[in-house]
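If you count by this note's numbering, then the sequence shown holds residues 12 to 123, one letter each, in order.
A virtual CB, placed ideally from N, CA and C, is assigned to each residue, including glycine.
No experiment lies behind these values; they were computed from the predicted model shown.
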Amino acid sequence: MGRVLIIAGASLAIAAELPTDIDVQLVTATGCGIDELEPLLSAGPDRVAAALMPILAEPEGDAEPVDRFELARLIASDPEAIGAIRDAYAELLGAVPPVPPTTDPETEEDAS
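What follows is the structure in C-alpha cells.
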C-alpha cells in the first residue's frame with residue numbers, strides 16, 4: 012500500500028503504483044487520459060472522483076470499497092482534496108508535486 016489521503020476526514024489508501032492501464036481506465040471513466048489530468052482535476056467532484064478511483068488501493072480485510080458518489084461528496088466538501096489528489100498522482104508518476112505559492116516572511120506578501 013502507498014500513501015493515505017485524508018479527504019473530508021475519510022482515510023483513503025492510495026495504491027503503491029499506477030495501474031499499467033491507467034490511461035485506459037481514465038479515458039473509460041472520464042473521457043480524459045493521463046495527459047489531461049490537470050484539466051480533469053478542475054472538472055468537478057464527480058469527474059475528480061472518477062479519476063481518483065483507479066489509484067485507490069484495494070480494500071483490506073472486510074472493508075467495503077469506497078462508493079464513487081460518496082467519494083464525490085467528500086471531494087466537494089474538502090477544499091484541500093484536489094491538491095491532495097494532484098500530489099498523489101504526481102508521486103505515482105514520479106514527479107515532484109508543485110509547490111504552492113507562499114508568502115515572503117519579510118513582507119508577508121505573496122512571493123509568487
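Contact check between the segment 48 to 62 and the segment 80 to 94: three or more CB pairs, one atom from each, fall below 8 Å, which counts as touching. Between the beta-carbon of A95 and that of L37 there is about 18 Å, and that puts the pair past the 8 Å contact cut. In this structure D34 is in contact with I45, their Cβ atoms being roughly 5 Å apart against a cut-off of 8 Å. When only Cα atoms are considered, E69 and A24 end up about 8 Å apart.
Our two residues, A26 and I18, have alpha carbons roughly 16 Å apart in a direct line.
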